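Residue numbers (the working numbering), protein chains in the order written: chain A, 13 to 326; chain B, 26 to 273; chain C, 104 to 478. The C-beta atom is built at its ideal place from N, Cα and C for all residues, glycine as well. Here the structure is a predicted model, which is why all the values come from computation and not from measurement. Notes to accompany the following structure.
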Amino acid sequence: MPMPFIVTCDTLAKSYRRGKVQALRGVSFEVAEGEMFGLIGPDGAGKTTAFRILATLLLPDSGSVAVDGLDVVRQYAEVRRRIGYMPGRFSLYADLTVEENLAFFAATFGTTIAENRHLIEDIYTQIEPFRERRAGKLSGGMKQKLALCCALIHAPRLLLLDEPTTGVDPVSRKEFWEMLAKLRVEYGISVIASTPYMDEAAQCDRIALMQDGAFLTTDTPRGIIGSYKQRLFRVRSGRMHALLADLNEWEGTQTAFSFGEAYHVTLAPGKDEADLRAYLVSKGHADCDVSEAKPEIEDCFMALAQTSEENEPR
Amino acid sequence: MNRDNIVIEAHGLTKRFGTFTATDHITLSVCEGEIFGFLGANGAGKTTAMRMLCGLSKPTAGTARVAGYDVATEAEKVKRNIGYMSQKFSLYDDLTVAENLRLFGGIYGMKRSEVKAKTRDVLVELDMVATLNQRVAALPLGWKQKLAFSLAVFHEPKIVFLDEPTGGVDPVTRRRFWELIYRAADRGVTVFVTTHYMDEAEYCDRVSIMVDGQIRALDTPARLKETYHAASMYDVFYALARTARRGE
Amino acid sequence: MKQFSAFLLKEFRHMGRDWRTLLILVVMPVVMVLLFGYAITTEVTQTRTAVLDPTHDYLTRRITDRIAANPFFELTATCASAEEVDALFREGRIDLAVVFAPELASAKAADASAVVQLLIDGSEPNQAAVRQGYAMQVIQEELLTASVASGEPVTDVSAQIPLINVSTRMLYNPQGKSAYNFVPAVIGMILLLLCTLMSSISIVREKENGTMEVLLASPLSPAVIIAAKLVPYFVVGMVNLLSILCLAHFVMGVPVEGSLVAFLALSVLYIGVALALGLLISTLVSTQLAAMLLSMLMIVPTMYLSGLVFQLDAMPLPAQAVSTIIPARWFMDGARRLMIQGVEVRHLFTNFMVLGAELLVLFGLSVLLFKKRLE
Numbered sequence: 013m014p015m016p017f018i019v020t021c022d023t024l025a026k027s028y029r030r031g032k033v034q035a036l037r038g039v040s041f042e043v044a045e046g047e048m049f050g051l052i053g054p055d056g057a058g059k060t061t062a063f064r065i066l067a068t069l070l071l072p073d074s075g076s077v078a079v080d081g082l083d084v085v086r087q088y089a090e091v092r093r094r095i096g097y098m099p100g101r102f103s104l105y106a107d108l109t110v111e112e113n114l115a116f117f118a119a120t121f122g123t124t125i126a127e128n129r130h131l132i133e134d135i136y137t138q139i140e141p142f143r144e145r146r147a148g149k150l151s152g153g154m155k156q157k158l159a160l161c162c163a164l165i166h167a168p169r170l171l172l173l174d175e176p177t178t179g180v181d182p183v184s185r186k187e188f189w190e191m192l193a194k195l196r197v198e199y200g201i202s203v204i205a206s207t208p209y210m211d212e213a214a215q216c217d218r219i220a221l222m223q224d225g226a227f228l229t230t231d232t233p234r235g236i237i238g239s240y241k242q243r244l245f246r247v248r249s250g251r252m253h254a255l256l257a258d259l260n261e262w263e264g265t266q267t268a269f270s271f272g273e274a275y276h277v278t279l280a281p282g283k284d285e286a287d288l289r290a291y292l293v294s295k296g297h298a299d300c301d302v303s304e305a306k307p308e309i310e311d312c313f314m315a316l317a318q319t320s321e322e323n324e325p326r
Numbered sequence: 026m027n028r029d030n031i032v033i034e035a036h037g038l039t040k041r042f043g044t045f046t047a048t049d050h051i052t053l054s055v056c057e058g059e060i061f062g063f064l065g066a067n068g069a070g071k072t073t074a075m076r077m078l079c080g081l082s083k084p085t086a087g088t089a090r091v092a093g094y095d096v097a098t099e100a101e102k103v104k105r106n107i108g109y110m111s112q113k114f115s116l117y118d119d120l121t122v123a124e125n126l127r128l129f130g131g132i133y134g135m136k137r138s139e140v141k142a143k144t145r146d147v148l149v150e151l152d153m154v155a156t157l158n159q160r161v162a163a164l165p166l167g168w169k170q171k172l173a174f175s176l177a178v179f180h181e182p183k184i185v186f187l188d189e190p191t192g193g194v195d196p197v198t199r200r201r202f203w204e205l206i207y208r209a210a211d212r213g214v215t216v217f218v219t220t221h222y223m224d225e226a227e228y229c230d231r232v233s234i235m236v237d238g239q240i241r242a243l244d245t246p247a248r249l250k251e252t253y254h255a256a257s258m259y260d261v262f263y264a265l266a267r268t269a270r271r272g273e
Numbered sequence: 104m105k106q107f108s109a110f111l112l113k114e115f116r117h118m119g120r121d122w123r124t125l126l127i128l129v130v131m132p133v134v135m136v137l138l139f140g141y142a143i144t145t146e147v148t149q150t151r152t153a154v155l156d157p158t159h160d161y162l163t164r165r166i167t168d169r170i171a172a173n174p175f176f177e178l179t180a181t182c183a184s185a186e187e188v189d190a191l192f193r194e195g196r197i198d199l200a201v202v203f204a205p206e207l208a209s210a211k212a213a214d215a216s217a218v219v220q221l222l223i224d225g226s227e228p229n230q231a232a233v234r235q236g237y238a239m240q241v242i243q244e245e246l247l248t249a250s251v252a253s254g255e256p257v258t259d260v261s262a263q264i265p266l267i268n269v270s271t272r273m274l275y276n277p278q279g280k281s282a283y284n285f286v287p288a289v290i291g292m293i294l295l296l297l298c299t300l301m302s303s304i305s306i307v308r309e310k311e312n313g314t315m316e317v318l319l320a321s322p323l324s325p326a327v328i329i330a331a332k333l334v335p336y337f338v339v340g341m342v343n344l345l346s347i348l349c350l351a352h353f354v355m356g357v358p359v360e361g362s363l364v365a366f367l368a369l370s371v372l373y374i375g376v377a378l379a380l381g382l383l384i385s386t387l388v389s390t391q392l393a394a395m396l397l398s399m400l401m402i403v404p405t406m407y408l409s410g411l412v413f414q415l416d417a418m419p420l421p422a423q424a425v426s427t428i429i430p431a432r433w434f435m436d437g438a439r440r441l442m443i444q445g446v447e448v449r450h451l452f453t454n455f456m457v458l459g460a461e462l463l464v465l466f467g468l469s470v471l472l473f474k475k476r477l478e
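Written out as structure tokens, the structure reads:
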């Protein structure tokens, strides 16, 4: 019987500088085999620390982590054979060519490009025209693809991708996620990836929304959106800047955030759509356009993050 | 926004590196108090174009005037009249908030009393008065970012260039940051901003999208969506950037 | 093994891509040898000499003639009084004075030490030492000839002529060619600079660029990483060693008196110590700048405490004590004795033992400190 979970993580905690900085505050989650699991949160949420513990590069202060049934602390050497790790920053040799980088990383795992070529075929054909080029001279998107190839070349059971799409343009980002989805479908490779871009959450089977070293929630993207219980309004008017200021001033507003071309507004208890309209008209926004909106992951994140937001000045 | 007063104007601005044309005849004009979104895929030539507009790099061909000065011949005057903020906030981590502000005031030749008064105003606006004597390193990311923006506009430039200012920042802080941008624009500051968040493209007055070194589209977000029959700026961007030939 | 060879290939590629640095590494030793050998020479020519000879007898005249005939000396003055000699020194017009006692000719050779006085301008100690050596040699030879001529039996030169206690350095380097002594010193410096500095930087660069994170998360063992990082600099170190040796021997005419095999063995041991030191530094710091500063911090005392710049036995005792743990001191001393003196290997037991022990300690310590994780 196959192992049901590729990763089990139990009340994982990690702090730096003798406890002054709490990077992870008791995080627990499981990732099923073949699953695409997303860690979604801003910089400083603890994503990188979680990845480094999974990749056997840091020791947890407390809690336990198993990768493919192996303890990341005691059986680290075997874990390292089974994972493909792509750190958040560019970590290839800038002075080596595309091909030399790939061949080197294949050799470190005791394999060759030819042996596992099928795994990286789709991605590698895109960068192959540049195989004589030094890795340092590639564009952001190409670098990411090469780094993915290097992490994949030894056919790992689990891919750990720390912010693979940060600083990458939306088109390359989309392509990147499509590649991951394909890997999972065709080769059953499990993936844990992190991203600060909330719109990428939809690409994952399940996501954990992270902030300040803790999970705000863990669920499928649909489940997270489904659990958003508040009524959400989409508000526009001819004078957008003034509109936001007016919304923020009103005691009936609970939250008002810009969202694409409109504002997403939630109302304080006891207020309803009619109150909102009346208020806006009284403020001179006679042309205002108010409609009920469907929440997105970002709305959910902001609603869940409200408590920690109180520490932030406005 | 004052549509009669053009503060950034580029005509056929081009930069070649050997046989490679990084920026290929771009033409645009931005008016006072406008928020201009400068979008493009990685390697489309955004950074090169922005460097030329900031007077940091000489154009191979074409002309550009920023804040009334020619970027090729009056680069120093251009630099005095613009503010710049990059993703790697240009703050000194080991200096306090006050020291950072004093330093930047000094760099732009502001008077001591002026710096002092301005420091108070800025910190009150950001609600960060308590951090005056704290080291920047100890501040949360969101605060640093807001402080970096305030530094970029500290010497009251007419134009501020923001290069991916919100990368990696949480959604709430990102929106607070845009409120700062709105306020600056309402004061008449022109904001020239690049971003990879497509929802932020919607917050701009006008947006240009660069592909392979050229500006392929330039209009208000609403009209761009109409032209490309797209539901969001993401779809507009995707439709254009997908046609890119340049692989790097 | 495949991992190791792939890693090694990568290291040589890094080196090849950064050809400017490589060029410096290869050319620098050559320049340094030439610089030390020719430019910053302590070789002394044109020693302006004065003679104070109250007796003017046969022996003192012969000595004076020999000094005058030697191209090394330039007889600039013949003085009549000690005051005159003193005045010439003060005016900086002479570097050396030979003062004969009035009764020299009649004196036995055994007493001669009391009757020939050498006065040397000591403001530049290295030159002074060389001048002293030369002058003593000339005088000694003449006294020897004189005593042979006088029919006294000569059994042992040193017993015969205690007049001049010729310094060891001069004895084994009779022409006073400074390049001879500088060759082992330059080799010692270059190997330390190259192997310690470059190997530590090369490892720390992986940390700084974030590639170490990927290497650590792979099944590569630390042993492979360490070995593959050090081997290229070992090779470059050997290339430098041999190029300096060839240059010194064939171009500058420096002899290799002792066993070449022993010299090479000592050098290999020393390179090992330098690499281990670089490895240790790389485990202690995380930026290339810090690695560079720490390496320089190691190299500077080496220059001062190895006998390269200052004479060891002239140093205060604490400094001498510290110098006993400086690897360069043991290498330079051993190399000098092997190359120039032609001492037998068994006399260098201490040098080999100290360097061997240091290699084991430094290497062991770095392997212990080498992290298999990021913390």
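Review point. Start and end of the beta strand (DSSP E) containing B:Asn67?
Key: No beta strand (DSSP E) contains B:Asn67, which DSSP labels as neither H nor E.
Point to revise | Chain-ordered residues of the region 115-145 of chain C with a beta carbon less than 8 angstroms from chain A | key: Listed by position along the chain: Arg116, His117, Arg120, Asp121.
Exercise for review: Report yes or no: is there a C-beta of chain B within less than 9 angstroms of the C-beta of A:Asp134?
Suggested key: A:Asp134 has a beta carbon lying at 9 angstroms or more from every beta carbon in chain B.
Check your understanding: Does the ligand PLP have a heavy atom nearer than 8 angstroms to the CB of A:Glu90?
Key -> Judged by which ligands are present, the structure shown has none, so any question about the ligand PLP falls away.
Point to revise | DSSP three-state assignment for A:Glu42, whether helix, strand or coil | key: Looking at A:Glu42 - three-state DSSP - the assignment turns out to be strand.
Check your understanding: Do C:Val457 and C:Trp433 have their CB atoms nearer than 9 angstroms?
Key -> In this structure, C:Val457 sits near C:Trp433, with a CB-CB distance shorter than 9 angstroms.
Exercise for review: Take the Cβ of A:Ala290 as the centre, count every other Cβ of all protein chains shown within 10 Å, and call the residue buried at 16 or more, exposed below.
Suggested key: A:Ala290 is exposed by the Cβ-count criterion.
Check your understanding: For the putative contact between C:Ser426 and C:Leu441, defined by C-beta atoms under 8 angstroms, what is the C-beta separation to the nearest angstrom?
Key -> C:Ser426 to C:Leu441, Cβ: 19 angstroms. No contact.
Review point. At least one CB of chain A closer than 9 angstroms to the CB of B:Glu227: is that the case?
Key: It does: the Cβ of B:Glu227 has a partner Cβ on chain A nearer than 9 angstroms.
Practice item. Just mark C:Tyr161 as buried or exposed, buried being the case when its beta carbon has 16 or more other beta carbons within 10 Å. Key: Burial state of C:Tyr161 is exposed, judged by a 10 Å Cβ sphere holding fewer than 16 other Cβ atoms.
Point to revise | Three-state secondary structure assigned by DSSP to C:Ile166 | key: If DSSP states are grouped into helix, strand and coil, C:Ile166 belongs with the helices.
Check your understanding: From the beta carbon of A:Pro328, is the nearest beta carbon of chain C less than 9 angstroms away?
Key -> No answer is possible for residue 328 of chain A: it lies beyond the span of chain A, which begins at 13 and ends at 326.
Point to revise | C-beta neighbour in chain B for A:His297, strict 9 angstroms | key: It does not: the Cβ of A:His297 has no partner Cβ on chain B nearer than 9 angstroms.
Review point. Does the beta-carbon distance from A:Arg37 to A:Asp224 come in below 9 angstroms?
Key: Their beta carbons are under 9 angstroms apart, which means A:Arg37 touches A:Asp224 by this criterion.
Exercise for review: Check the DSSP bridge columns for B:Asp95 and list the partner residues they point to.
Suggested key: Paired residues: B:Arg90.
Check your understanding: Just curious, the alpha helix (DSSP H) that A:Tyr291 is in, first and last residue?
Key -> Unbroken alpha helix (DSSP H) run through A:Tyr291: 285-294.
Exercise for review: For A:Tyr105, count neighbouring Cβ atoms within 10 angstroms of its own Cβ and tell me buried if that reaches 16, exposed if not.
Suggested key: A:Tyr105 should be labelled buried.
Point to revise | Under 9 angstroms between C-beta atoms of A:Thr23 and A:Ser74 | key: Yes. Within cutoff.
Check your understanding: Is the CB-CB distance between C:Ala422 and C:Leu408 below 9 angstroms?
Key -> For C:Ala422 and C:Leu408, yes; Cβs fall inside 9 angstroms.
Practice item. Keeping to the same chain, check which residues put their C-beta closer than 6 angstroms to that of B:Gly167; ignore five residues upstream and five downstream. Key: The beta carbon of B:Gly167 is closer than 6 angstroms to those of Thr198 in its chain, skipping five residues each way along the sequence.
Exercise for review: Taking only beta-carbon positions, decide if A:Leu292 is within less than 9 angstroms of chain C.
Suggested key: Interface annotation, A:Leu292: not in contact with chain C, CB-CB separation never under 9 angstroms.
Check your understanding: Checking contacts by CB at 9 angstroms: is A:Glu112 closer than that to chain C?
Key -> Yes - at least one Cβ of chain C is within 9 angstroms of the one on A:Glu112.
Exercise for review: Return no unless some Cβ of chain A is closer than 9 angstroms to the Cβ of B:Leu166.
Suggested key: Yes, B:Leu166 counts as interfacial toward chain A.
Review point. Can you tell me whether A:Leu256 is buried or exposed, with buried defined as 16 or more other CB within 10 angstroms of its CB?
Key: So A:Leu256 counts as buried.
Check your understanding: Contact between the region 54-70 of chain B and the region 147-156 of chain A: three or more CB pairs below 8 angstroms?
Key -> Yes, since at least three Cβ pairs between the region 54-70 of chain B and the region 147-156 of chain A fall closer than 8 angstroms, the two stretches touch.
Point to revise | Beta-carbon proximity list for C:Phe466, same chain, < 6 angstroms, skipping 5 on both sides | key: Ala379, listed in sequence order.
Check your understanding: Closer than 9 angstroms, CB to CB, is A:Thr68 near chain C or not?
Key -> By this cut-off, A:Thr68 is an interface position.
Check your understanding: Hey, B:Asp230 and B:Ala210: beta-carbon distance below 9 angstroms or not?
Key -> In this structure, B:Asp230 places its C-beta atom within 9 angstroms of the C-beta atom of B:Ala210.
**Study point:** Closer than 8 angstroms at the beta carbon, the chain A residues around C:Thr314
**Key:** Within chain A, the residues near C:Thr314 are Ser103, Leu104, Tyr105.
Review point. Along the region 151-181 of chain A, what residues have a CB closer than 7 angstroms to any CB found in chain F?
Key: The chain inventory of the structure shown lacks chain F, comprising the protein chains A, B and C.
Point to revise | Three-state secondary structure assigned by DSSP to A:Ile219 | key: Reduced to three states, the DSSP call for A:Ile219 is strand.
Exercise for review: For B:Pro182, I'd like the list of residues in its chain whose CB is within less than 6 angstroms of its CB, leaving aside the five on either flank, ordered along the chain.
Suggested key: Answer for B:Pro182: Asn106, Ile107, Gly108, listed in chain order.
Exercise for review: Please decide whether A:Gln223 counts as near chain B, where near means a Cβ-Cβ distance under 9 angstroms.
Suggested key: Cβ-Cβ to chain B under 9 angstroms: yes for A:Gln223.
Review point. Shorter than 9 angstroms from the beta carbon of A:Leu24 to some beta carbon of chain C?
Key: It does not: the Cβ of A:Leu24 has no partner Cβ on chain C nearer than 9 angstroms.
Practice item. Just the chain A side, please: which residues come within less than 7 angstroms of C:Leu321 by C-beta, in chain order? Key: Per the sequence presented here, residue 321 of chain C reads as Ser, with Leu not at that position. Here the neighbours are Arg92, Thr120, Phe121.
**Study point:** Cα-Cα separation between C:Pro157 and C:Val202, rounded to whole angstroms
**Key:** One C-alpha to the other measures close to 9 angstroms.
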